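Here is the structure we will look at.
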Amino acid sequence: MKRIVRKFLGRKSRPRRPEAPVLPPQIEEIRQGALKGQHLQIVQWGQVLLDSVHVPRDPAGALEWFTIAASAGFGPGHNMRGRCFQFGWGCEKDLQQAAQCYAAAAAAGDEWGRYNLGILTMRGIGMDADLPRALDLFRTAAGHGHAKSMNLYARFLEEGWVVPQDRAAALDWYRKSAEGGDYRGQHNYATALVDAGKIEEALGWWRQAVVDATSDILLAMDQKLTALGPQGDADLLERVRGRLREMGISPSGEAISAQ
251 MKRIVRKFLG
261 RKSRPRRPEA
271 PVLPPQIEEI
281 RQGALKGQHL
291 QIVQWGQVLL
301 DSVHVPRDPA
311 GALEWFTIAA
321 SAGFGPGHNM
331 RGRCFQFGWG
341 CEKDLQQAAQ
351 CYAAAAAAGD
361 EWGRYNLGIL
371 TMRGIGMDAD
381 LPRALDLFRT
391 AAGHGHAKSM
401 NLYARFLEEG
411 WVVPQDRAAA
421 LDWYRKSAEG
431 GDYRGQHNYA
441 TALVDAGKIE
451 EALGWWRQAV
461 VDATSDILLA
471 MDQKLTALGP
481 QGDADLLERV
491 RGRLREMGIS
501 PSGEAISAQ
């Protein structure tokens with residue numbers, strides 16, 4: 251592995267080492283591990299270069315580090331290369347290449363790669379949509395403990411997409427997703443709990459979901475909490491709306507005008 255790292259570092263265009271300032275100990279430990287050829291630290295250092303306040307942002311350098319890890323057959327390296335090609339981080343967007351990277355990650359046992367390939371396959375991004383294949387990807391990743399895949403597998407079961415509708419099984423998978431920390435699973439499980447009359451339990455899951463939820467989930471939470479009226483949680487509703495205001499979005503989904 252060190253030979254592979256030396257090979258990449260010896261190129262004219264190579265991942266750049268931070269020159270200054272001195273890095274926090276935990277970040278420096280990642281950098282040193284990457285330079286020693288440690289697979290996980292190689293990917294982590296690439297992620298630092300993508301988005302960290304400690305070093306200048308370097309997407310192209312990050313892509314090279316991910317490529318080093320992928321060249322060693324490390325699943326997370328393939329997955330992060332896929333993210334780069336999907337979103338154009340350090341390279342031109344190439345959705346077909348992204349799908350190939352995710353497939354390689356899945357083949358190496360990386361559940362994030364399996365999930366990301368499932369998203370492209372479900373939505374027909376960079377390929378024709380293929381719901382049966384997407385279901386298989388999410389079901390496999392869910393079985394391996396991937397919380398976001400659990401939520402989407404539950405959605406297939408709830409809606410009866412290419413499988414017999416099974417709302418009891420969907421509820422169980424939403425619960426597992428929520429317990430696994432996925433904010434979408436937490437919201438969906440909370441919604442199902444409200445339908446079952448378990449409002450206090452639902453509010454508990456929404457209180458967890460509000461921390462990381464994206465705007466679409468926050469808007470859905472706003473609608474559900476508003477509908478609960480006095481049975482809901484006014485403080486939680488204000489937290490939801492506060493996060494939406496920070497994003498420049500009103501509870502109705504309209505952008506807030508600049509003052």
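FYI, my numbering numbers position 186 of the sequence shown as 436, with every residue one higher than the one before it. Every residue, glycine too, gets a C-beta built ideally from N, C-alpha and C. Quick caveat, the model's predicted, so the values are computed rather than measured.
Give me, in chain order, the residues of the same chain whose beta-carbon lies closer than 8 Å to that of residue i; leave out the 5 immediate sequence neighbours on both sides.
i       : result
Leu-387 : Ala-356, Arg-364, Tyr-365, Leu-367, Gly-368, Thr-371 and Ser-399
Trp-411 : Leu-381, Leu-385 and Arg-405
Asp-301 : Arg-307
Val-465 : It is Ser, not Val, that sits at residue 465 in the sequence shown. Hits under 8 Å: Leu-494, Met-497 and Ile-499.
Quick check: the Cα distance between residue i and residue j, rounded to an integer number of angstroms?
i       : j       : result
Ala-348 : Ala-354 : 10 Å
Val-303 : Leu-421 : 40 Å
Gln-458 : Gly-482 : 15 Å
Val-479 : Lys-448 : Strictly speaking, residue 479 in this sequence is Gly, with Val absent from that position. Whole-angstrom Cα-Cα distance: 15 Å.
His-437 : Met-471 : 7 Å
Glu-361 : Asp-380 : 19 Å
Val-272 : Glu-279 : 12 Å
Lys-262 : Val-298 : Note that Lys-262 has pLDDT 48, beneath the 50 cutoff, so the model's placement of it is unreliable and no number is given.
Arg-425 : Arg-333 : 28 Å
Gln-346 : Ile-375 : 8 Å
Glu-408 : Asp-445 : 14 Å
Lys-343 : Ala-484 : 43 Å
Arg-331 : Gly-338 : 10 Å
Pro-414 : Ala-384 : 16 Å
Trp-423 : His-396 : 11 Å
Pro-306 : Phe-335 : 21 Å
Leu-469 : Tyr-433 : 13 Å
Gly-431 : Arg-491 : 22 Å
Glu-289 : Asp-378 : The residue you asked about is not Glu; residue 289 is His in the sequence shown. Those two C-alpha atoms are separated by around 33 Å.
Ile-292 : His-328 : 12 Å
Leu-224 : Leu-443 : The displayed coordinates of the chain run from 251 to 509. Any statement about residue 224 would go beyond what the structure contains.
Arg-417 : Ala-392 : 17 Å
Thr-441 : Gly-340 : 39 Å
Give every residue of the same chain whose Cβ lies closer than 6 Å to the Cβ of residue i, excluding the five residues on either side of it in the sequence, and list them in chain order.
i       : result
Arg-489 : Val-460
Leu-487 : Leu-475
Trp-295 : Ile-280, Arg-281, Ala-284 and Trp-315
Asn-401 : Ser-427, Asp-432, Arg-434 and Gly-435
Tyr-541 : Residue 541 falls outside the range modelled here, since the chain spans only 251 to 509, and no answer is possible.
Tell me whether residue i counts as near the ligand ADP, meaning its Cβ is closer than 7 Å to at least one heavy atom of that ligand.
i       : result
Ala-357 : What this structure holds is no ligand at all, so the ligand ADP is not there to describe.
Going along the chain, which residues of its own chain have a beta-carbon closer than 7 Å to the beta-carbon of residue i, five neighbours each way excluded?
i       : result
Glu-206 : Beyond the ends of the chain as shown, which are 251 and 509, falls residue 206; an answer cannot be given.
Ala-428 : Gly-435, Gln-436, Tyr-439 and Trp-455
Gly-325 : Ala-355, Ala-358, Gly-359, Asp-360 and Gly-363
Arg-389 : Tyr-403
| Ordered list of alpha helix (DSSP H) runs contained in the segment 337-382, each at least 4 residues | 345-357 and 361-373
| Which runs of the alpha helix (DSSP H) fall wholly inside the segment 413-486 and span at least 4 residues, in chain order? | 417-429, 433-445, 449-459 and 465-478
| At which residue ranges does the segment 266-344 contain complete alpha helix (DSSP H) runs of 4 or more residues, listed in the order of the chain? | 275-285, 289-300, 309-321 and 325-337
| request: Would you check if there are 3 or more beta carbon pairs closer than 8 Å linking the segment 320-329 to the segment 305-312? | output: no
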